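Residue numbers (the numbering used here): 86 to 194. From the three backbone atoms N, C-alpha and C, an ideal C-beta is built for every residue, glycine too. Owing to the predicted nature of the structure, the values given are computational and were not obtained by experimental measurement. Right, one structure below, let's go through it.
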Amino acid sequence: MTVTLDGQKYDEVTEALKDVMDPELGINVVDLGLIYDLSWDEENDALVIHMTLTSAGCPLTDVLEEQTAQALDNVVDRFRINWVWMPPWGPERITDDGRDMMRALGFAI
């Protein structure tokens with residue numbers, strides 16, 4: 086059974102995940118809006134990251150999983166990524182900070 090992650094642990098995990106960069110854009114997965122939800126798997130005592138990609142055909146899941154492991158190293162003992170494809174990611178999910186980063190890279194957002 087999974088429960089929603091909230092409070093201080095949610096903030097700690099979210100902040101750590103800002104070190105995970107989309108390899109193509111160089112913007113973190115939190116501000117790109119790729120993190121759909123964070124929950125806790127009580128049975129396996131592990132963080133569950135409900136995450137998507139900007140496109141379902143992206144071949145870089147291994148890179149993101151490795152970066153995530155490094156970012157969460159001192160935050161949680163175990164995690165798994167639940168890749169989510171519905172609803173599909175869209176630019177409306179980008180945070181205000183993410184939009185500023187995109188504009189700095191020359192994207193019209």
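Exercise. Confirm, please, whether the CB-CB distance from residue 146 to residue 121 is below 8 angstroms.
Key: no
Self-check item: Under the three-state DSSP convention, the category residue 131 falls into
Solution: strand
Quiz item: Where do the N-terminal and C-terminal ends of the alpha helix (DSSP H) with residue 157 fall, by residue?
Solution: From DSSP, residue 157 is part of no alpha helix (DSSP H); its letter is neither H nor E.
Quiz item: When we look at the beta-carbon of residue 156 and count the other beta-carbons within 10 Å, is it buried (16 or more) or exposed?
Solution: buried
Quiz item: Less than 7 angstroms between the CB of residue 174 and some heavy atom of the ligand SAM, yes or no?
Solution: Ligands are entirely absent from the displayed structure, and the ligand SAM is therefore not among its contents.
Quiz item: Between residue 187 and the rest of its own chain, which residues show a CB-CB distance below 6 angstroms, the 5 nearest in sequence each way excluded?
Solution: 194
Quiz item: Measuring CA to CA, which of 190, 113, 88 is closest to residue 128?
Solution: 88
Quiz item: Based on the DSSP secondary-structure assignment, which residues constitute the bridge partners of residue 178?
Solution: DSSP, once it has assigned bridges, lists no residue as partnering residue 178.
Self-check item: Distance, residue 131 Cα to residue 166 Cα
Solution: 10 angstroms
Quiz item: Hey, out of 160, 134, 119, 140, whose CA is closest to residue 101's CA?
Solution: 160
Self-check item: Rounded distance between the beta-carbons of residue 114 and residue 107, thought under 8 angstroms
Solution: 6 angstroms
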